[in-house]
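The structure appears right after this line, and notes come after that.
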Amino acid sequence: MAKRAEKSTPCQDHAIGRFITFEGGEGSGKSTQIQMLADHLKSQGIETLVTREPGGSPGAEIVRHLLLSGVGKLLGADAETLLFAAARDDHVHQVIRPALDKGTWVLCDRFTDSTAAYQGAAGKVDPAFIQALTHATIGRLEPDLTFILDVPVAVGLQRAIKRRGRTAADRFEGESLAFHESLREAYRRIAADNPARCVVIDANAEPAKVAERIREALQSRLPAPSSVGAGA
Ligand code: TYD
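Here UniProt numbering is used: the first residue of the sequence shown is 1, the next is one more, and so on.
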């Protein structure tokens, strides 16, 4: 019951902790960039937590295993979407909200925009169904800022192939080129529809250059209050 009340609280109520998400297609370089930004924030004395979806909490990591193994696909697109929502519910309540409540900045590799892009736009799951699920699980929690890392599909897939070596493609990496193109398009649309929250970053460059673009965007969108390092 306490959980329900908590769910209706917007993220902005967390006076100090900031919630920043990283989004993008396969091989867009999110993991590298999220770590680089975390190092930067920590060097400024900001308490920072890096987490990811699907997963990020013990329960959600179990669901992640199911999802990436492709089991969710066998259940059908709607049920697979339910699994992503179940994982997110646990992650938000066990990890993200408690961290934000303490004033920690949370950097999350993928969040609700991934569901909108992968299951909704590219996977053709009804957006109203996704919205209802989001509402029922995490309420009005929204990132303060979302970086959408944009790379041409061919570049991203090439990077993903290089990264995994001989391991087989996972559930989504193995989707068609058309699926990945529609993902890229979906992310651009999400950014256009949410200009106050989203920044598209050209990620087709050296990691150091992309990191610089991200830090500049962060500085202009979400300057760190000087008191943040005090953890008050
Ligand atoms: P992961 O190995 O973490 O991939 P990446 O490095 O690209 O983030 O696998 C997560 C996969 O799950 C990724 O292909 C995107 C997909 N996904 C969804 O389809 N919907 C979601 O809501 C989330 C969070 C992820």
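For glycine and all other residues, C-beta sits at the position ideal for the given N, C-alpha and C.
Beta-carbon proximity of residue i to residue j, cut-off 9 Å
i      : j      : result
Val95  : Leu67  : no
Gly55  : Glu47  : no
Glu53  : Arg110 : yes
Asp144 : Phe19  : yes
Residue nearest to residue i in terms of C-alpha spacing, selected from the options
i      : options                           : result
Thr81  : Thr134, Ile201, Asp170 and Lys162 : Thr134
Arg188 : Ile214, Lys162, Val63 and Thr146  : Thr146
His93  : Ser57, Thr104, Leu218 and Gly174  : Ser57
His45  : Gly120, Thr104 and Lys73          : The sequence given here places Gly at residue 45; His does not occur at that position. Selected option, being the one with the closest Cα: Thr104.
Thr115 : Ala77, Pro98, Arg97 and Ala38     : Ala77
Residue i: CB within 8 Å of a non-hydrogen atom of the ligand TYD
i      : result
Arg52  : yes
Arg215 : no
Glu173 : yes
Glu26  : yes
Ser220 : no
Tyr118 : yes
Ala160 : yes
Ser31  : yes
Ser57  : no
Which complete alpha helix (DSSP H) runs does the region 157-197 hold, if anything under 4 residues is left out? Entirely contained in the region 157-197, the alpha helix (DSSP H) runs reaching 4 residues are, in chain order, 177-193.
Determine, using beta-carbon pairs with one atom in the region 139-159 and one in the region 174-187, whether at least three such pairs fall under 8 Å. yes
Cβ pair count under 8 Å reaching 3, the region 202-221 against the region 16-30: yes
Answer yes if the region 52-68 comes into contact with the region 121-128, meaning at least three C-beta pairs across the two stretches below 8 Å, and no otherwise. no
In chain order, what are the residue ranges of uninterrupted alpha helix (DSSP H) at least 4 long that sit wholly in the region 15-61? 30-43
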